[in-house]
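Protein chains: 2
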Amino acid sequence: MTDTEEVRAARPTRRATQTVTLDEVAALAGVSPSTVSRALRNAEQVSEAAYEAVMRAVAETNYVPNRAASHLASNRSGTVAAIMPAMSYSVFADTVHGLEEVLAAAGVQLFIGATGYDAVREEQTIRAFLGRRPDGIVMVGATHTAAAREMLLRARIPVVETWDWTADPIDSLVGFSNGAAFTAMAEFVVSAGYRHPTFAGWLTGADSRAHERRDGFTDALRRLLPDEPIRVLDTGARGISADAGGWLLDEALARFPETDVLVCASDVFATGALLRAQARGLTVPADIAVTGFGDFELSGLLHPALTTIQTPNDSIGRRAGEIILERIAAPDSDSVRADLGFTLVPRESA
Amino acid sequence: MTDTEEVRAARPTRRATQTVTLDEVAALAGVSPSTVSRALRNAEQVSEAAYEAVMRAVAETNYVPNRAASHLASNRSGTVAAIMPAMSYSVFADTVHGLEEVLAAAGVQLFIGATGYDAVREEQTIRAFLGRRPDGIVMVGATHTAAAREMLLRARIPVVETWDWTADPIDSLVGFSNGAAFTAMAEFVVSAGYRHPTFAGWLTGADSRAHERRDGFTDALRRLLPDEPIRVLDTGARGISADAGGWLLDEALARFPETDVLVCASDVFATGALLRAQARGLTVPADIAVTGFGDFELSGLLHPALTTIQTPNDSIGRRAGEIILERIAAPDSDSVRADLGFTLVPRESA
DNA sequence: CGTAACTTTGACAGCGCTGCCAGTAGCGCT
DNA sequence: AGCGCTACTGGCAGCGCTGTCAAAGTTACG
Numbered sequence: 001m002t003d004t005e006e007v008r009a010a011r012p013t014r015r016a017t018q019t020v021t022l023d024e025v026a027a028l029a030g031v032s033p034s035t036v037s038r039a040l041r042n043a044e045q046v047s048e049a050a051y052e053a054v055m056r057a058v059a060e061t062n063y064v065p066n067r068a069a070s071h072l073a074s075n076r077s078g079t080v081a082a083i084m085p086a087m088s089y090s091v092f093a094d095t096v097h098g099l100e101e102v103l104a105a106a107g108v109q110l111f112i113g114a115t116g117y118d119a120v121r122e123e124q125t126i127r128a129f130l131g132r133r134p135d136g137i138v139m140v141g142a143t144h145t146a147a148a149r150e151m152l153l154r155a156r157i158p159v160v161e162t163w164d165w166t167a168d169p170i171d172s173l174v175g176f177s178n179g180a181a182f183t184a185m186a187e188f189v190v191s192a193g194y195r196h197p198t199f200a201g202w203l204t205g206a207d208s209r210a211h212e213r214r215d216g217f218t219d220a221l222r223r224l225l226p227d228e229p230i231r232v233l234d235t236g237a238r239g240i241s242a243d244a245g246g247w248l249l250d251e252a253l254a255r256f257p258e259t260d261v262l263v264c265a266s267d268v269f270a271t272g273a274l275l276r277a278q279a280r281g282l283t284v285p286a287d288i289a290v291t292g293f294g295d296f297e298l299s300g301l302l303h304p305a306l307t308t309i310q311t312p313n314d315s316i317g318r319r320a321g322e323i324i325l326e327r328i329a330a331p332d333s334d335s336v337r338a339d340l341g342f343t344l345v346p347r348e349s350a
Numbered sequence: 001m002t003d004t005e006e007v008r009a010a011r012p013t014r015r016a017t018q019t020v021t022l023d024e025v026a027a028l029a030g031v032s033p034s035t036v037s038r039a040l041r042n043a044e045q046v047s048e049a050a051y052e053a054v055m056r057a058v059a060e061t062n063y064v065p066n067r068a069a070s071h072l073a074s075n076r077s078g079t080v081a082a083i084m085p086a087m088s089y090s091v092f093a094d095t096v097h098g099l100e101e102v103l104a105a106a107g108v109q110l111f112i113g114a115t116g117y118d119a120v121r122e123e124q125t126i127r128a129f130l131g132r133r134p135d136g137i138v139m140v141g142a143t144h145t146a147a148a149r150e151m152l153l154r155a156r157i158p159v160v161e162t163w164d165w166t167a168d169p170i171d172s173l174v175g176f177s178n179g180a181a182f183t184a185m186a187e188f189v190v191s192a193g194y195r196h197p198t199f200a201g202w203l204t205g206a207d208s209r210a211h212e213r214r215d216g217f218t219d220a221l222r223r224l225l226p227d228e229p230i231r232v233l234d235t236g237a238r239g240i241s242a243d244a245g246g247w248l249l250d251e252a253l254a255r256f257p258e259t260d261v262l263v264c265a266s267d268v269f270a271t272g273a274l275l276r277a278q279a280r281g282l283t284v285p286a287d288i289a290v291t292g293f294g295d296f297e298l299s300g301l302l303h304p305a306l307t308t309i310q311t312p313n314d315s316i317g318r319r320a321g322e323i324i325l326e327r328i329a330a331p332d333s334d335s336v337r338a339d340l341g342f343t344l345v346p347r348e349s350a
């Protein structure tokens with residue numbers, strides 16, 4: 001320990017321990033760092049000999065490029081952020097899945113954040129994600145606080161709002177009209193002869209899509225059955241669950257015994273309502289009909305099979321991913337508004 | 001356009017357009033960049049006056065710190081990567097949800113990648129994620145290719161494997177024994193009087209947990225019913241779906257008509273099988289009993305309600321997040337092995 | 001009033017890459 | 001041989017932060 005002085009003199013490096021850098025690969029390959037960088041990103045810009053020397057050195061050192069450094073130098077992060085209300089309901093999980101698949105194929109990585117249907121958390125999540133300088137943002141929903149909208153606009157990156165339809169998207173929009181879907185459902189149940197429909201969903205949270213569904217339904221109903229009172233049920237603190245669907249059926253029977261069809265804002269509710277009706281010894285649709293929304297796999301297998309609306313869950317994610325990739329490649333291209341529509345699936349439950 | 005010369009002379013900046021930097025905030029606040037950095041990360045290191053000047057400047061400029069630069073300078077990325085087989089099945093979505101909640105509360109952001117139950121894609125995903133230098137990695141499963149294991153070890157970051165149980169985890173482990181769960185199920189169905197069980201699941205893919213479930217079941221069966229032949233059904237290319245569960249029931253009836261209980265590797269299959277049995281006019285469990293795995297919400301609402309095994313989906317994610325955070329804070333702390341167990345839920349279907 | 005200890009601040013280098021530029025080598029042509 | 005090309009390569013600065021150090025200011029105390 002006689003060389004304490006020298007050790008002190010050498011300023012301690014802040015380098016990450018044990019991590020191979022591009023410079024070390026370059027030294028081993030006998031080329032300059034620039035050449036290594038080129039070989040790794042655009043092999044055709046480099047001679048075959050250099051390419052192979054680099055690849056050998058990469059393999060030998062197990063080099064993995066540091067994307068944070070690359071991001072800083074090139075001002076492209078190679079990431080996209082997705083902000084969802086929740087992941088536990090399969091509809092959004094399907095959308096994330098489609099999105100992830102498209103992005104991963106392009107070498108873009110996906111950040112995920114959940115807001116729990118809370119506008120404040122949405123704002124926090126957006127702010128946190130913008131710190132990562134994603135190349136694009138995908139959001140579920142087109143209703144945001146003014147501050148959130150402002151942040152997204154100022155970020156000057158492609159934004160895709162999904163699962164919704166609006167006249168003034170922040171940037172691009174991929175979805176369908178929840179209101180139109182429930183207008184279609186209203187028309188269907190009325191044409192099927194039902195005269196006393198009750199709408200049921202979760203309307204307490206900041207889930208604007210649920211409100212659009214209700215409005216689409218009740219507006220149509222006022223037109224189709226002008227003399228009929230409007231009946232709406234809210235699961236409130238029960239949130240979104242099959243059990244809440246069971247509660248909705250009980251509640252409809254208790255508060256609105258004239259109900260002949262329970263129009264649910266989600267198959268989650270409809271399934272719970274259907275099973276509860278059967279548990280109570282009622283026959284669906286003879287005693288009470290039930291409709292859903294979302295067309296989950298199980299919905300078609302139940303007895304009676306659920307009348308519902310099929311939504312393009314996976315396609316929304318894929319299309320959103322494609323749009324982000326297009327706009328990253330050509331930032332001046334136009335924003336996209338894609339209505340992927342919905343399909344009413346009449347089955348046995350109504 | 002007479003100043004072409006001067007314009008040429010000025011080397012074009014590579015700065016991101018329109019993005020506020022820490023230096024600009026410092027200039028506006030009238031303090032040094034160091035002080036801004038400190039104010040934003042450890043307010044207590046800075047005088048009250050400086051803190052407030054910084055905060056005013058931040059608000060005025062809408063400054064959002066660039067985490068890539070912070071990452072590069074501090075060698076901590078503030079991210080965790082999660083690698084899942086799939087997101088479309090609620091069990092993993094629940095785990096992601098629990099994980100995201102814990103991490104987001106600590107200001108850590110979550111990268112998500114899906115492998116589609118494919119070992120090669122798992123390797124590619126790990127490699128891609130390591131380029132982001134996450135502070136930790138959460139994986140579903142404890143069975144990986146040698147190369148994947150090697151990469152994870154070399155990364156020298158906390159790794160949590162989940163949803164599995166093994167004697168030699170890479171680092172930490174949070175899950176339960178899939179084999180033990182199906183040993184318990186075997187004991188249950190035998191003690192309930194069933195003598196001709198058939199195991200059913202998806203065994204074609206790289207889903208090692210499915211294999212462990214089968215082995216746990218068949219091993220126990222050989223012990224409990226030594227004279228009984230072993231019956232196993234594989235959905236093959238049908239994968240994991242309720243429809244495949246229906247096929248499993250048909251197949252069991254056709255190929256193994258002696259089957260008195262169909263033991264499914266997932267509630268997805270069990271639900272499909274149950275509904276198919278009813279569609280065929282069979283009574284469950286009298287004509288054929290059915291058991292599942294996972295205890296989805298719907299499983300308890302079906303008629304008959306599914307006998308199944310409850311798994312700690314959400315807790316696995318939360319605990320994994322906690323472990324990662326602990327180990328980021330104290331890198332020398334010991335790795336953790338947490339068996340979160342499972343609960344057999346006897347109901348009406350068996 | 002002087003000294004020691006603490007608090008607060010700023011300067012500076014550097015994290016690991018990429019964009020830009022200039023330079024060299026090799027080629028076909030006049 | 002000399003010219004203009006193209007193909008390939010290396011040098012350099014800098015992306016936007018943070019860690020480290022040293023200096024300045026402030027307080028406590030004998």
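Those protein sequences? They're chains V and G, same order as listed. Just so we're aligned, residue 1 is where the first sequence starts under UniProt numbering, counting upward by one. Just so we're aligned, residue 1 is where the second sequence starts under UniProt numbering, counting upward by one. No residue lacks a Cβ here, since even glycine has one placed at the ideal position from N, Cα and C.
Of the choices the options, whose alpha-carbon is the least far from that of residue i?
i	options	result
Ala350 of chain G	G:Gly300, G:Glu326, G:Thr125 and G:Glu228	G:Gly300
Arg306 of chain V	V:Asp339, V:Val345, V:Asp332 and V:Glu326	One point to set straight first is that residue 306 of chain V is Leu, not Arg, in the sequence displayed. Taking only the C-alpha atoms, the option nearest Leu306 of chain V is V:Val345.
Gly141 of chain V	V:Leu253, V:Ser177 and V:Pro134	V:Ser177
Thr235 of chain G	G:Gly107, G:Cys264, G:Gln18 and G:Phe217	G:Cys264
Phe92 of chain V	V:Ala286, V:Ala155 and V:Ile316	V:Ile316
Leu224 of chain G	G:Met185, G:Pro257 and G:Glu48	G:Met185
Gln109 of chain G	V:Thr79, V:Val102 and V:Phe296	V:Thr79
Gln278 of chain G	G:Leu302, G:Pro257 and G:Ile126	G:Leu302
With DSSP as the reference, identify every bridge partner of residue i, one or two as the case may be.
i	result
Gln310 of chain V	V:Gly294 and V:Thr343
Ser172 of chain V	V:Val160
Leu224 of chain V	The partner list for Leu224 of chain V (beta bridge, DSSP) is empty, contrary to what the question assumes.
residue 352 of chain V	A query on residue 352 of chain V cannot be resolved here, the shown segment of chain V reaching from 1 to 350 and no further.
Ala114 of chain G	G:Met84
residue 356 of chain G	This structure cannot speak to residue 356 of chain G, because chain G is shown only from 1 to 350.
Arg337 of chain V	V:Leu173
Met185 of chain V	Beta-bridge pairing links Met185 of chain V to no other residue.
Val140 of chain G	G:Thr162
Go ahead and pull the three-state DSSP assignment for residue i.
i	result
Asp287 of chain G	coil
Ser315 of chain V	helix
Ala277 of chain G	helix
Thr218 of chain G	helix
Asp234 of chain G	strand
Pro134 of chain G	coil
Leu262 of chain V	strand
Val108 of chain V	coil
Thr79 of chain V	strand
Skipping 5 residues on each side, what residues in its chain have a beta carbon closer than 7 Å to that of residue i?
i	result
Tyr51 of chain V	Ala39 and Ala43
Ala206 of chain V	Tyr117, Asp118 and Ala119
Val58 of chain G	Val25
Thr145 of chain V	Ala119 and Glu123
Asn313 of chain G	Val91, Asp94 and Thr95
Considering only residues of the same chain and omitting the five flanking positions on each side of residue i, which have a CB-CB separation below 6 Å?
i	result
Pro33 of chain V	Leu22, Asp23 and Ala26
Thr259 of chain V	His196, Thr198 and Ala252
Tyr194 of chain V	Asp260 and Val261
Val20 of chain G	Thr61 and Tyr63
Ile323 of chain G	Val160, Ser172 and Val336
Spatial neighbours of residue i within its chain, please: CB distance less than 8 Å, with the 5 preceding and 5 following residues excluded, ordered by chain position.
i	result
Arg209 of chain V	Gly141, Trp163, Asp164 and Asn178
Ser77 of chain V	Arg67, His71, Arg132, Arg133, Pro134 and Asp135
Met55 of chain G	Ala39
Arg214 of chain V	Phe182, Phe199, Gly201, Leu203, Val232 and Ala265
Taking only beta carbons into account, state which residues of the UniProt domain "HTH lacI-type" (20-74) of chain V come closer than 7 Å to chain G, listed in chain order.
Asn62, Val64, Pro65, Asn66, Arg67, Ala68, Ala69, His71 and Leu72
Between the region 242-260 of chain G and chain V, which residues of the former have a C-beta closer than 8 Å to a C-beta of the latter?
Ala242, Asp243 and Gly246: these are the residues of the region 242-260 of chain G whose beta carbon lies less than 8 Å from some beta carbon of chain V, given in chain order.
Residues of the region 89-115 of chain V whose Cβ lies closer than 9 Å to any Cβ of chain G, in chain order:
Tyr89, Ser90, Phe92, Ala93, Asp94, Val96, His97, Glu100, Glu101, Ala104, Gly107, Gln109, Leu110, Phe111, Ile112, Gly113 and Ala114
Using a Cβ cut-off of 8 Å, which residues of the region 312-332 of chain V contact any Cβ in chain G, in chain order?
none
Interface positions of the region 138-160 of chain V facing chain G (Cβ-Cβ less than 7 Å), listed along the chain
Arg154 and Arg156
Residues of the region 260-290 of chain G with Cβ closer than 9 Å to any Cβ of chain V, in chain order
Val268, Thr271, Gly272, Leu275, Arg276, Gln278 and Ala279
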